[in-house]
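K.L.:
Going down the list, the protein sequences come from chains A and B. Letter 99 of the first sequence, counting from 1, is numbered 125 in my numbering, and no numbers are missing. Letter 322 of the second sequence, counting from 1, is numbered 348 in my numbering, and no numbers are missing.
Number of protein chains: 2
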Amino acid sequence: MSENRGGNGKVSLAEVARAAGVSKMTASRVLRGGGGYSEKTRAEVMAQVERLGYVPNRIATAFASDQGTTFVGVSIPDLGNEAFARVLEGIGDKLGLHGYQTVLGLTRHTLAEEEDWIRTVLSWRPAGLILTGRSHSPRAVEMLRSSGLPVVEIWDLNSSPLDMCVGLDHYDCGFEMGRFLVGRGYRRVGYVGTSHDTANAATARLEGFAKAVTDGGGTVARQLCLHDTATFYPGYYGTEQLLASGCEPECVFYQNDSMAFGGLQYCQRIGLHVPGDIGIVGWGDMPVASVLSHRLTSMHVSTLKLGRVAAEMLVGRLSGEPVEPVRDVGYALIPGSTIRPERVD
Amino acid sequence: MSENRGGNGKVSLAEVARAAGVSKMTASRVLRGGGGYSEKTRAEVMAQVERLGYVPNRIATAFASDQGTTFVGVSIPDLGNEAFARVLEGIGDKLGLHGYQTVLGLTRHTLAEEEDWIRTVLSWRPAGLILTGRSHSPRAVEMLRSSGLPVVEIWDLNSSPLDMCVGLDHYDCGFEMGRFLVGRGYRRVGYVGTSHDTANAATARLEGFAKAVTDGGGTVARQLCLHDTATFYPGYYGTEQLLASGCEPECVFYQNDSMAFGGLQYCQRIGLHVPGDIGIVGWGDMPVASVLSHRLTSMHVSTLKLGRVAAEMLVGRLSGEPVEPVRDVGYALIPGSTIRPERVD
DNA sequence: TTGAAAGCGATACCAA
DNA sequence: TTGGTATCGCTTTCAA
Numbered sequence: 027m028s029e030n031r032g033g034n035g036k037v038s039l040a041e042v043a044r045a046a047g048v049s050k051m052t053a054s055r056v057l058r059g060g061g062g063y064s065e066k067t068r069a070e071v072m073a074q075v076e077r078l079g080y081v082p083n084r085i086a087t088a089f090a091s092d093q094g095t096t097f098v099g100v101s102i103p104d105l106g107n108e109a110f111a112r113v114l115e116g117i118g119d120k121l122g123l124h125g126y127q128t129v130l131g132l133t134r135h136t137l138a139e140e141e142d143w144i145r146t147v148l149s150w151r152p153a154g155l156i157l158t159g160r161s162h163s164p165r166a167v168e169m170l171r172s173s174g175l176p177v178v179e180i181w182d183l184n185s186s187p188l189d190m191c192v193g194l195d196h197y198d199c200g201f202e203m204g205r206f207l208v209g210r211g212y213r214r215v216g217y218v219g220t221s222h223d224t225a226n227a228a229t230a231r232l233e234g235f236a237k238a239v240t241d242g243g244g245t246v247a248r249q250l251c252l253h254d255t256a257t258f259y260p261g262y263y264g265t266e267q268l269l270a271s272g273c274e275p276e277c278v279f280y281q282n283d284s285m286a287f288g289g290l291q292y293c294q295r296i297g298l299h300v301p302g303d304i305g306i307v308g309w310g311d312m313p314v315a316s317v318l319s320h321r322l323t324s325m326h327v328s329t330l331k332l333g334r335v336a337a338e339m340l341v342g343r344l345s346g347e348p349v350e351p352v353r354d355v356g357y358a359l360i361p362g363s364t365i366r367p368e369r370v371d
Numbered sequence: 027m028s029e030n031r032g033g034n035g036k037v038s039l040a041e042v043a044r045a046a047g048v049s050k051m052t053a054s055r056v057l058r059g060g061g062g063y064s065e066k067t068r069a070e071v072m073a074q075v076e077r078l079g080y081v082p083n084r085i086a087t088a089f090a091s092d093q094g095t096t097f098v099g100v101s102i103p104d105l106g107n108e109a110f111a112r113v114l115e116g117i118g119d120k121l122g123l124h125g126y127q128t129v130l131g132l133t134r135h136t137l138a139e140e141e142d143w144i145r146t147v148l149s150w151r152p153a154g155l156i157l158t159g160r161s162h163s164p165r166a167v168e169m170l171r172s173s174g175l176p177v178v179e180i181w182d183l184n185s186s187p188l189d190m191c192v193g194l195d196h197y198d199c200g201f202e203m204g205r206f207l208v209g210r211g212y213r214r215v216g217y218v219g220t221s222h223d224t225a226n227a228a229t230a231r232l233e234g235f236a237k238a239v240t241d242g243g244g245t246v247a248r249q250l251c252l253h254d255t256a257t258f259y260p261g262y263y264g265t266e267q268l269l270a271s272g273c274e275p276e277c278v279f280y281q282n283d284s285m286a287f288g289g290l291q292y293c294q295r296i297g298l299h300v301p302g303d304i305g306i307v308g309w310g311d312m313p314v315a316s317v318l319s320h321r322l323t324s325m326h327v328s329t330l331k332l333g334r335v336a337a338e339m340l341v342g343r344l345s346g347e348p349v350e351p352v353r354d355v356g357y358a359l360i361p362g363s364t365i366r367p368e369r370v371d
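Below is the structure:
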């Protein structure tokens with residue numbers, strides 16, 4: 027009689043039970059440790075588990091008990107962006123602590139890749155999902171809805187999420203920065219960022235920013251959206267392009283600190299004084315800013331915390347605890363010194 | 027008769043088959059598309075799949091066919107280190123392309139966390155594993171061995187890997203940098219990096235570096251290993267500590283470019299001229315270096331490629347292709363201009 | 001405290 | 001081109 031069809035050499039519960047001289051059920055109970063067996067039995071079963079090197083087959087468990095897996099699908103646009111890497115780290119830490127595993131999906135900022143990935147992940151019956159961004163393809167939304175699984179949308183704040191949501195209001199955040207710059211007397215400003223297929227948080231920030239600037243009587247002379255990653259070098263050459271276009275901004279707002287630092291370097295390279303000749307403004311309060319001689323004007327966002335909160339919300343829901351469906355992690359303006367100082371009249 | 031014990035509303039193959047007026051087997055064949063059914067049957071089954079919103083249960087499939095899952099466990103020490111984030115991105119991209127999913131494990135540089143994570147991941151019958159580093163706990167090694175799964179160890183090069191390996195020789199890499207600095211006339215050098223429980227690649231680099239320096243008649247006046255992450259700010263304050271210790275190095279070698287940039291900023295802050303007063307040397311040729319006015323002396327490593335190669339090796343093995351078990355991605359010295367120029371006699 | 005039997009949702013195998 | 005039946009390894013259920 028073949029113990030294993032595949033003959034893969036794996037030890038099954040039945041073998042452990044037989045070796046221990048008990049039934050499968052008894053062995054199963056011992057392994058799950060819920061009680062319902064004698065100490066003598068426990069010891070014998072565990073001894074056989076050790077001797078035979080038994081590794082439980084969680085696939086079979088998930089199948090038999092219809093409890094799904096302990097996997098949590100996490101979609102992230104790209105890891106080149108430090109902010110997302112931090113968010114992922116926060117998620118991974120917390121999930122791991124609670125016995126869940128992160129199944130990573132890199133969407134490259136496209137809804138189509140996200141949809142494909144969601145379809146695949148769902149077929150593995152995950153415990154839940156964490157998705158970056160608030161927009162998903164119609165099919166993806168339908169699949170998520172009918173799966174009945176807990177879902178946390180992160181990064182963008184979303185007052186009517188699919189299920190749960192944690193992030194910040196990027197429009198407001200951009201608006202606040204715009205108003206702040208107007209308050210410092212800037213009227214003619216520029217923007218350097220990147221663009222993708224779908225509207226995203228960075229776009230919302232830009233919109234809020236532009237609104238505040240025009241509301242304040244200023245103008246966004248030029249918005250440069252590069253087809254590139256939001257990292258150092260695009261910030262550098264983007265600034266070169268911006269200045270070469272002749273729009274002569276008094277100040278440049280960047281998609282994030284990495285790009286802002288690239289821009290800062292370009293300005294210094296061509297002899298522009300910051301903030302004397304031009305103002306430089308980043309976003310995200312990223313690690314690179316911590317060592318610059320002039321504090322970079324930026325916006326602080328707790329990315330690690332955002333990830334942790336997302337994981338906590340999901341785990342909370344899975345344990346049946348009541349969970350606040352929308353959490354705002356907020357932001358904090360960092361005045362910095364890469365823009366001109368406050369007027370002292 | 028209850029169709030589903032849990033009553034979870036999920037549609038099963040049996041229901042699709044019944045609705046289409048065929049047997050489960052026929053429906054199964056249609057869904058897997060291997061042929062063996064008429065066009066009329068195919069159409070009817072697919073129509074019902076669409077109508078009922080059937081999502082296959084891969085857990086059941088994996089269980090029934092004993093084929094394991096399409097998950098690949100990937101362990102990474104931490105994502106704060108840009109190099110690892112890049113490696114992970116390379117892995118994720120390639121695995122996704124081939125229909126595998128990344129199950130992420132953050133080990134925080136400890137073997138114990140890696141062991142726990144390996145145990146959990148193995149119980150889900152993954153298709154294979156990719157592990158960062160060459161050292162693993164004895165139990166982890168035993169589990170990996172007896173699982174019979176393909177395993178790729180990355181980052182460190184390892185002539186006798188568990189199974190497969192891709193990386194670079196960090197000792198040699200450090201040695202080459204050391205010899206290079208000696209060649210530029212440096213004799214009294216310092217080192218700033220971080221340390222963890224286990225010996226790792228950075229340690230190997232430092233050892234190779236120190237060997238080359240002493241071989242060349244020089245001395246590593248001070249090695250600073252901070253209990254911190256290998257990022258910008260530790261580079262900054264580590265340099266402060268190093269210089270305050272009075273060891274007066276002519277040149278400082280850092281664990282990576284992020285730390286080196288932090289050090290560079292500190293030096294400029296206190297008025298030290300680079301490379302006139304002090305040499306600054308990084309490692310990894312990271313993005314931040316791309317925008318500095320002086321090219322940072324460093325060592326280029328193709329992290330994205332390393333990740334891709336790791337994934338390709340694993341996928342190759344899974345498809346039964348012959349795979350070279352050890353791949354060296356190498357490194358390339360970047361002379362830069364943050365150390366004193368070559369002597370022209 | 002223990003065990004026997006029935007199933008979970010798919011696939012493999014063989015027969016028609 | 002089809003369908004019946006056994007089976008994967010475990011849990012659930014019920015009875016002892």
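C-beta: ideal position from N, C-alpha, C; glycine also.
(1) Please state whether the Cβ-Cβ distance between Val-81 of chain B and Leu-155 of chain B is less than 8 Å.
(2) List the residues of chain B that Arg-295 of chain A touches, going by C-beta distances under 7 Å, in chain order.
(3) Do Arg-231 of chain B and Tyr-280 of chain B come within 8 Å of each other at the CB atom, strictly closer than that value?
(4) DSSP three-state call for Gly-209 of chain A: helix, strand or coil?
(5) In the DSSP assignment, what residue or residues form a beta bridge with Arg-353 of chain B?
(6) What are the residues of the segment 331 to 359 of chain A that lie near chain B, defined by any Cβ-Cβ distance shorter than 9 Å?
(7) Using the Cβ count rule (16 or more neighbours within 10 Å means buried), how would you classify Arg-248 of chain B?
(8) Using C-beta distances below 8 Å, list every residue in its chain close to Gly-47 of chain B, excluding the 5 sequence neighbours before and after it, in chain order.
(9) Would you say Arg-151 of chain A lies against chain B (beta-carbon separation less than 8 Å)?
(10) Per the DSSP calculation, His-326 of chain B is bridged to which residue(s)?
(11) Kindly list, in the order they appear in chain A, the residues whose Cβ is closer than 9 Å to that of Asp-119 of chain B.
(12) Our contact map puts Ser-319 of chain B next to Gln-267 of chain A with C-beta atoms below 8 Å; I'd like the distance itself, whole angstroms only.
(13) At what residues does the alpha helix (DSSP H) containing Ala-227 of chain B begin and finish?
(14) For Thr-364 of chain B, which residues in the same chain have their Cβ closer than 6 Å to its Cβ, ignoring the five residues on either side in sequence?
(15) Let's see if you can read the secondary structure: which residues bound the alpha helix (DSSP H) around Arg-219 of chain B?
(16) Per DSSP, which one or two residues make a beta bridge with Leu-155 of chain A?
(17) What is the DSSP secondary structure of Ala-256 of chain A, counted as helix, strand or coil?
(18) So what does DSSP say about Gly-305 of chain A, is it helix, strand or coil?
(19) Use the C-beta contact count for Ser-173 of chain A: other C-beta atoms within 10 angstroms, 16 or more gives buried, fewer gives exposed.
(20) Grab me the residues of Leu-78 of chain A's own chain with a C-beta within less than 8 Å of its C-beta, minus the 5 sequence neighbours each way, in chain order.
(21) Could you check whether the Cβ of Glu-179 of chain B sits closer than 8 Å to any Cβ belonging to chain A?
(22) Drop a sphere of 10 angstroms on the beta-carbon of Glu-379 of chain B, count the other beta-carbons inside from all chains shown, and report buried for 16 or more, exposed for fewer.
(23) Pick from A:Ser-49, A:Ala-53 and A:Gly-333: whose alpha carbon is nearest that of Leu-194 of chain A?
(24) Please classify Gly-261 of chain B: is it buried, with 16 or more other beta-carbons within 10 angstroms of its beta-carbon, or exposed?
(25) Within its chain, find whatever has a CB closer than 7 Å to the CB of Met-169 of chain A; leave out the 5 residues flanking it on each side and keep chain order.
(26) Do we get a CB-CB distance below 8 Å when we pair Thr-146 of chain B with the residues of chain A?
(27) List the whole-angstrom C-beta distance separating Ala-166 of chain B from Thr-96 of chain B, where the pair is believed to meet the contact cut-off of C-beta under 8 Å.
(28) Tell me whether Pro-367 of chain A is buried or exposed, calling it buried when 16 or more other Cβ atoms sit within 10 Å of its Cβ.
(29) Within 10 Å of its beta-carbon, does Asp-354 of chain A have 16 or more other beta-carbons around it, so buried, or fewer, so exposed?
(30) Please report the straight-line C-alpha distance between Val-113 of chain A and Trp-181 of chain A, rounded to a whole angstrom.
(31) Using a Cβ-Cβ distance cut-off of 8 Å, determine whether Gly-362 of chain A contacts chain B.
(32) Where does Thr-329 of chain B land, buried or exposed, given buried means 16+ other C-beta within 10 angstroms?
(33) Compare the C-beta of Ser-271 of chain A against all C-beta atoms of chain B and say whether one is closer than 8 Å.
(34) If we call anything under 8 Å between Cβ atoms a contact, is Gly-310 of chain B one with Asn-226 of chain B?
(35) Roughly how many whole angstroms lie between the Cα atoms of Asp-241 of chain B and Arg-343 of chain B?
(36) Going by DSSP in three states, Leu-39 of chain B sits in which element: helix, strand or coil?
P.N.:
To lay it out plainly:
(1) Taking the second sequence and counting its residues from 1, the one referred to as residue 81 of chain B is at position 55. Taking the second sequence and counting its residues from 1, the one referred to as residue 155 of chain B is at position 129. No, these two residues do not count as a Cβ contact at 8 Å.
(2) Position 269 of the first sequence holds residue 295 of chain A. Ordered by position in chain B, the residues that pass the 7 Å Cβ test against Arg-295 of chain A are Ser-319.
(3) To locate residue 280 of chain B, count along the second sequence from 1; it is residue 254. To locate residue 231 of chain B, count along the second sequence from 1; it is residue 205. Going by C-beta atoms, Tyr-280 of chain B is not nearer than 8 Å to Arg-231 of chain B.
(4) Looking up residue 209 of chain A in the first sequence gives position 183. Three-state DSSP puts Gly-209 of chain A in a helix.
(5) The residue given as residue 353 of chain B occupies position 327 in the second sequence. B:Val-192, per the DSSP bridge assignment.
(6) none
(7) As a first step, residue 248 of chain B must be located in the second sequence, where it is residue number 222. Buried, since its Cβ has 16 or more Cβ neighbours within 10 Å.
(8) The count along the second sequence starts at 1 and reaches residue 47 of chain B at position 21. Glu-70.
(9) If you number the first sequence from 1, residue 151 of chain A lands on position 125. Yes, Arg-151 of chain A counts as interfacial toward chain B.
(10) Your numbering for residue 326 of chain B matches position 300 in the second sequence. Paired residues: B:Gly-310 and B:Ala-358.
(11) To locate residue 119 of chain B, count along the second sequence from 1; it is residue 93. In chain order: Leu-132 and Arg-134.
(12) In the second sequence, counting from the first residue as 1, residue 319 of chain B sits at position 293. In the first sequence, counting from the first residue as 1, residue 267 of chain A sits at position 241. Wrong, their Cβ atoms sit about 19 Å apart, outside the cutoff.
(13) For the purposes of this step, residue 227 of chain B is taken as the residue at position 201 of the second sequence. Annotation for Ala-227 of chain B: the continuous alpha helix (DSSP H) segment containing it runs 227 to 241.
(14) For the purposes of this step, residue 364 of chain B is taken as the residue at position 338 of the second sequence. Answer for Thr-364 of chain B: Val-300, Pro-301, Ile-306, His-320, Leu-322 and Thr-323, listed in chain order.
(15) Along the second sequence, read from residue 1 onward, the residue named residue 219 of chain B stands at position 193. Residue 219 of chain B is actually Gly in this sequence, not Arg. Boundaries around Gly-219 of chain B are those of the beta strand (DSSP E), 214 to 220, since no alpha helix (DSSP H) includes it.
(16) Here residue 155 of chain A refers to the residue found at position 129 of the first sequence. Note: Leu-155 of chain A sits in a beta bridge opposite A:Gly-99 and A:Val-177.
(17) Residue 256 of chain A sits at position 230 when you count from the first residue of the first sequence. Note: Ala-256 of chain A maps to coil in three-state DSSP.
(18) Position 279 of the first sequence, counted from the start, is the residue given in the question as residue 305 of chain A. In the structure shown, Gly-305 of chain A sits in a strand (DSSP, three-state: E or B).
(19) Along the first sequence, one-based indexing puts residue 173 of chain A at 147. Burial call: buried.
(20) Reading the first sequence from its first residue, position 52 is the one you call residue 78 of chain A. Result list for Leu-78 of chain A: Val-37, Glu-41, Val-42 and Ala-45, in chain order.
(21) For the purposes of this step, residue 179 of chain B is identified with residue 153 of the second sequence, where counting begins at 1. By this cut-off, Glu-179 of chain B is not an interface position.
(22) Residue 379 of chain B lies beyond the residue range present for chain B, which begins at 27 and ends at 371; the question has no answer from this structure.
(23) Here the question's residue 194 of chain A lines up with position 168 in the first sequence. Nearest C-alpha to Leu-194 of chain A: A:Gly-333.
(24) As a first step, residue 261 of chain B is located in the second sequence; it is residue number 235 there, counting from the start. By the neighbour-count rule (16 or more Cβ atoms within 10 Å), Gly-261 of chain B is buried.
(25) Numbered from 1 along the first sequence, position 143 holds the residue referred to as residue 169 of chain A. Correct list, in chain order: Ile-144, Arg-145 and Leu-148.
(26) Taking the first residue of the second sequence as position 1, residue 146 of chain B is located at position 120. Output row for Thr-146 of chain B: interface = yes.
(27) If you number the second sequence from 1, residue 166 of chain B lands on position 140. If you number the second sequence from 1, residue 96 of chain B lands on position 70. By a beta-carbon distance limit of 8 Å, Ala-166 of chain B does not contact Thr-96 of chain B. Their separation comes to about 23 Å.
(28) In the first sequence, counting from the first residue as 1, residue 367 of chain A sits at position 341. Around the beta carbon of Pro-367 of chain A, fewer than 16 other beta carbons lie within 10 angstroms, which makes this residue exposed.
(29) Translated into positions along the first sequence, residue 354 of chain A becomes position 328. The residue is exposed, with fewer than 16 neighbouring Cβ atoms inside 10 Å.
(30) What you label residue 113 of chain A is simply residue 87 of the first sequence in a count that begins at 1. What you label residue 181 of chain A is simply residue 155 of the first sequence in a count that begins at 1. Cα to Cα, the separation comes out at about 9 Å.
(31) Translated into positions along the first sequence, residue 362 of chain A becomes position 336. Against chain B, the CB of Gly-362 of chain A has no partner CB under 8 Å away; the residue lies outside that interface.
(32) Within the second sequence, the letter at position 303 stands for residue 329 of chain B. Label assigned to Thr-329 of chain B: buried.
(33) Along the first sequence, read from residue 1 onward, the residue named residue 271 of chain A stands at position 245. Not an interface residue.
(34) Translated into the one-based positions of the second sequence, residue 310 of chain B becomes position 284. Translated into the one-based positions of the second sequence, residue 226 of chain B becomes position 200. Not a contact, by the Cβ cut-off of 8 Å.
(35) Here residue 241 of chain B corresponds to residue number 215 of the second sequence, with the count starting at 1. Here residue 343 of chain B corresponds to residue number 317 of the second sequence, with the count starting at 1. Whole-angstrom Cα-Cα distance: 42 Å.
(36) Here residue 39 of chain B corresponds to residue number 13 of the second sequence, with the count starting at 1. Helix at Leu-39 of chain B.
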